[in-house]
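Read through the structure below, which is laid out as structure tokens, and then see the notes.
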Amino acid sequence: MKFKDKKITYKMYLPLATLTILILTAIVTSLQFFYPEIINMLSRNPNALLAGQWWRLISPIFINPEGLNQIIFNFSALIFLGVIVEKFYGSFRWLIFYFAAGFTGEIAGYLWQPYSGGSSVAIMGLLGALLIRIILNRRSVPVQIQIWGPLGLIFAVILTFSHNIHGPPILVGALIALLMLKKDIKLKNSHDKI
1 MKFKDKKITY KMYLPLATLT ILILTAIVTS LQFFYPEIIN MLSRNPNALL
51 AGQWWRLISP IFINPEGLNQ IIFNFSALIF LGVIVEKFYG SFRWLIFYFA
101 AGFTGEIAGY LWQPYSGGSS VAIMGLLGAL LIRIILNRRS VPVQIQIWGP
151 LGLIFAVILT FSHNIHGPPI LVGALIALLM LKKDIKLKNS HDKI
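Mind the numbering: the sequence shown is residues 1 to 194 in the UniProt record's numbering, read in order.
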């Protein structure tokens, strides 16, 4: 068998949104160890927000002030969920999930945990989008994974009623994904009729 004559091509997938946010968050998180005042400048702080520092509605997702465990968990979750969700939905939609969930998580944070920060609330939006993908595509998902879609959403509701700031971002990511996928189905159906 000759392999010389066969041309093999591979399509390289590069998750640009995931890599960009990972690098940006890694830079800011690294800087907080050398310049601890960055945490005070970017973290959730209701008094500073009321004083006009509006960036604090989103800036806490770029720091991880709780230490090494938070950094390891958040970066691992960002890589794992980020790559999967970006592959399914694309970079632009990924960014919508991430920042909408991050904003929602920060609003919840100001209500329930007013002084802190971390990228986990934004990452939870990616989880919500993935849960919807599992639910709507259950026929193509292994049986062992199918249960995680509805269970994840139930867990997000429980977190929300428990005033855990991670619940609302999961639900927001899921809602946005549901609306996007329903729109895609409508567009596909309208093109099929033409």
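Beta carbons: idealized from backbone N, C-alpha and C, even for Gly.
- Look at the beta carbons and you see the region 41 to 55 not touching the region 84 to 99: under three pairs across the two are nearer than 8 Å.
- Take the alpha-carbon of L159 and the one of H166: they are about 7 Å apart.
- For F33, the uninterrupted alpha helix (DSSP H) run begins and ends at L16 to F34, by DSSP.
- For the options M41, E66 and R56, the alpha carbon positioned closest to that of G105 is the one of R56.
- Counting the other CB atoms within 10 Å of its CB gives E86 a total of 16 or more, which places it among the buried residues.
- Under the Cβ criterion (8 Å, minimum of three pairs), the region 15 to 27 counts as touching the region 62 to 75.
- I72 sits exposed, since fewer than 16 C-beta atoms from the chains shown fall within 10 Å of its C-beta.
- Secondary structure remark: continuous alpha helix (DSSP H) runs of at least 4 residues inside the region 105 to 157, in chain order: 120 to 136 and 143 to 146.
- Nearest in C-alpha terms to A26, of all of R138, G118 and P168, is G118.
- If you draw a straight line from the Cα of L151 to the Cα of F161, it is about 15 Å long.
- In the structure shown, A51 falls within a coil segment according to DSSP collapsed to helix, strand and coil.
- Residue range E37 to L42 is occupied by the alpha helix (DSSP H) that includes M41.
- For the pair of segments examined, the region 176 to 183 was found to touch the region 93 to 101: the number of CB pairs separated by less than 8 Å reaches three.
- In the structure shown, N64 falls within a coil segment according to DSSP collapsed to helix, strand and coil.
- Within the same chain, L131 and A174 come within 7 Å of L153 by CB-CB distance, once the 5 residues on both sides are set aside.
- Between the alpha carbons of N74 and Q146 lies a gap of roughly 24 Å.
- Comparing alpha carbon positions, the residue from A156, N164, G149 and N137 closest to L111 is N164.
- Inclusion of I84 and G128 in the CB contact set at 8 Å is not warranted, their separation being larger than that value.
- Short of 7 Å from the beta carbon of P114, and not among the five residues preceding or following it, lie these beta carbons of its own chain, in chain order: R44 and P46.
- Excluding five sequence positions before and after L136, the CB atoms of its chain that fall closer than 7 Å to its own CB belong to L181, given in chain order.
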